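The UniProt record's numbering applies: residue 1 is where the sequence shown begins, and numbers increase by one.
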Amino acid sequence: MELYILSGETSGGVCLNCRHNTAGRHCHYCKEGYYRDVSKPISHRKACKACDCHPVGSSGLTCNQTNGQCPCKDGVTGTTCNRCAKGYFQSRSTVAPCIKVFKTDKSKHDSKTDKCGKCPASRKRLNLKKYCKRDYAIQADIISRETVGDWVRFGIHVRHVFKAGPIKLRTGPQSLWISQAEVSCSCPKLRLKHSYLILGNNQEGKKYSGLHASRESTVIEWKDDWPWRMRRFQRRQRNGRCKMS
């Protein structure tokens with residue numbers, strides 16, 4: 001203040017109690033949390049606008065005091081960080097609201113499709129005819145998986161035996177063999193720690209002992225109403241319906 005008085009009240013002073021959300025030695029710019037509206041003089045009461053940063057899209061609530069640009073999270077764009085940038089899609093995460101879209105190699109996908117062919121959708125449907133044509137029908141949990149030569153051995157735990165055919169089949173630990181080629185084509189598709197209803201045929205003369213499955217087998221994720229339907233098939237089999245199907 002002393003310098004201001006000595007200068008004849010023309011310079012050297014510092015403004016106190018800036019109004020209308022301004023700041024600085026001469027109240028000449030907008031304070032933190034506000035940005036400048038250049039269409040109005042700094043002395044105007046609406047010269048400084050409050051930052052309007054999106055609460056999820058922005059990484060902070062303080063914008064650029066000159067242009068109002070908010071600090072955006074990865075993949076987020078816009079002055080207020082309110083939309084995903086090109087090449088990103090919106091997620092439900094508040095930490096990463098926009099996730100990058102990764103392009104799949106269509107040529108690799110097509111080559112796999114050509115090599116594998118389409119896994120028959122009918123293998124996921126269940127009816128009496130399929131039950132009658134299969135040697136065994138079980139409910140099994142997938143416990144483990146290992147590759148043995150050209151085959152994949154799935155360690156399974158058989159929970160229920162609905163049909164066993166000529167072989168001895170009991171509940172408990174068993175091995176289920178599927179060729180590596182069919183596993184790589186996900187036909188059939190088995191996931192660890194999941195339970196399935198499996199209907200297949202015994203493969204005589206195979207190198208490995210145990211149950212075998214293939215793309216011709218019926219493999220369906222387990223549902224609570226399967227036991228009722230399987231018991232109905234068992235009754236029909238006893239009544240000679242399988243010979244008619």
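Backbone N, C-alpha and C fix where the C-beta goes; we use that ideal spot for every residue, glycine too.
Remember, predicted model here, so these are calculated numbers, not experimental data.
Subject >> DSSP state of Ala96 mapped onto helix, strand, coil >> reply: In the sequence shown, counting from the first residue as 1, residue 96 sits at position 96. DSSP, read as helix, strand or coil, puts Ala96 in coil.
**OP:** Please name the residue, chosen from Ala23, Cys53 and Gly60, that lies closest to Ser43 on a Cα-to-Cα basis.
**Re:** Along the sequence shown, read from residue 1 onward, the residue named residue 43 stands at position 43. Ala23 is the residue among Ala23, Cys53 and Gly60 whose C-alpha sits nearest the C-alpha of Ser43.
Original post:
Whose C-beta lies closer than 6 Å to the C-beta of His109 among residues of the same chain, with five residues either side of it excluded?
Top reply: Sequence index remark: in the sequence shown, residue 109 carries index 109 (1-based). Residue confidence is low: His109 scores 49 on pLDDT, short of 50, so the model does not pin down where it sits. No coordinate-derived value is stated.
Original post:
Beta-carbon separation of His194 and Trp226 under 9 Å?
Top reply: Your numbering for residue 194 matches position 194 in the sequence shown. Your numbering for residue 226 matches position 226 in the sequence shown. No, Cβ-Cβ distance for His194 and Trp226 is not below 9 Å.
**OP:** For the beta strand (DSSP E) holding Trp177, just list the boundary residues, first then last.
**Re:** In the sequence shown, counting from the first residue as 1, residue 177 sits at position 177. Looking at the DSSP string, the run of the beta strand (DSSP E) that includes Trp177 is Gly172 to Ser179.
Original post:
With burial defined as no fewer than 16 other Cβ atoms inside 10 Å of the residue's Cβ, what is the status of Trp177: buried or exposed?
Top reply: Reading the sequence shown from its first residue, position 177 is the one you call residue 177. Under this definition Trp177 is a buried residue.
Original post:
Is the beta carbon of Tyr35 less than 9 Å from the beta carbon of Thr80?
Top reply: Taking the first residue of the sequence shown as position 1, residue 35 is located at position 35. Taking the first residue of the sequence shown as position 1, residue 80 is located at position 80. It is not a contact, given that the beta carbons lie outside the stated cut-off.
Original post:
Between which two residues does the alpha helix (DSSP H) carrying Tyr131 extend?
Top reply: Against the sequence shown, residue 131 aligns to sequence position 131. Looking at the DSSP string, the run of the alpha helix (DSSP H) that includes Tyr131 is Leu128 to Lys133.
**OP:** Could you please give me the residues that DSSP links to Cys72 through a beta bridge?
**Re:** Locating residue 72 in the sequence shown gives position 72, counting from the first residue. Listed as beta-bridge partners of Cys72 by DSSP are Ser58.
**OP:** Assign His212 to buried or exposed, taking buried as 16 or more other Cβ atoms, counted over all protein chains shown, within 10 Å of its Cβ.
**Re:** Position 212 of the sequence shown, counted from the start, is the residue given in the question as residue 212. Of the other Cβ atoms in all chains shown, 16 or more fall within 10 Å of the Cβ of His212; this residue is therefore buried.
Original post:
Quick one: what's got a C-beta closer than 7 Å to His20's C-beta in the same chain, skipping five residues either side?
Top reply: Along the sequence shown, one-based indexing puts residue 20 at 20. Exclusion of the five residues before and after His20 leaves Arg45, Ala47 and Cys48 as the residues of its chain whose Cβ lies within less than 7 Å of its Cβ.
Original post:
In the DSSP assignment, what are the bridge partners of His157?
Top reply: Within the sequence shown, the letter at position 157 stands for residue 157. The partner list for His157 (beta bridge, DSSP) reads Asp141 and Pro173.
Subject >> Host beta strand (DSSP E) of Gln90 (start-end) >> reply: Position 90 of the sequence shown, counting from 1, holds the residue named residue 90. Its beta strand (DSSP E) spans residues Tyr88 to Gln90.
Subject >> Closest Cα partner of His160 within the set Cys132, Arg145 and Asp224 >> reply: The count along the sequence shown starts at 1 and reaches residue 160 at position 160. Looking at the Cα atoms, Asp224 is the closest of the given residues.
Original post:
Under 9 Å, do Gly33 and Cys63 count as touching if we go by C-beta distance?
Top reply: Indexing the sequence shown from 1 puts residue 33 at position 33. Indexing the sequence shown from 1 puts residue 63 at position 63. With a cutoff of 9 Å on beta-carbon distance, Gly33 and Cys63 are scored as near each other.
Original post:
If you draw a straight line from the alpha carbon of Cys98 to that of Leu61, how long is it in whole angstroms?
Top reply: In the sequence shown, the residue the question calls residue 98 occupies position 98. In the sequence shown, the residue the question calls residue 61 occupies position 61. The straight-line gap separating the alpha-carbon atoms of Cys98 and Leu61 is approximately 18 Å.
Original post:
Which of helix, strand or coil does DSSP assign to Arg36?
Top reply: As a working mapping, residue 36 is identified with position 36 in the sequence shown. Strand.
Original post:
Do Phe154 and Ser175 have their C-beta atoms closer together than 9 Å?
Top reply: Here residue 154 is taken as the residue at index 154 of the sequence shown, counted from 1. Here residue 175 is taken as the residue at index 175 of the sequence shown, counted from 1. Yes, they are a contact pair.
**OP:** Could you check what DSSP says for Arg229 in three-state terms: helix, strand or coil?
**Re:** Reading the sequence shown from its first residue, position 229 is the one you call residue 229. Here Arg229 sits in helix by DSSP.
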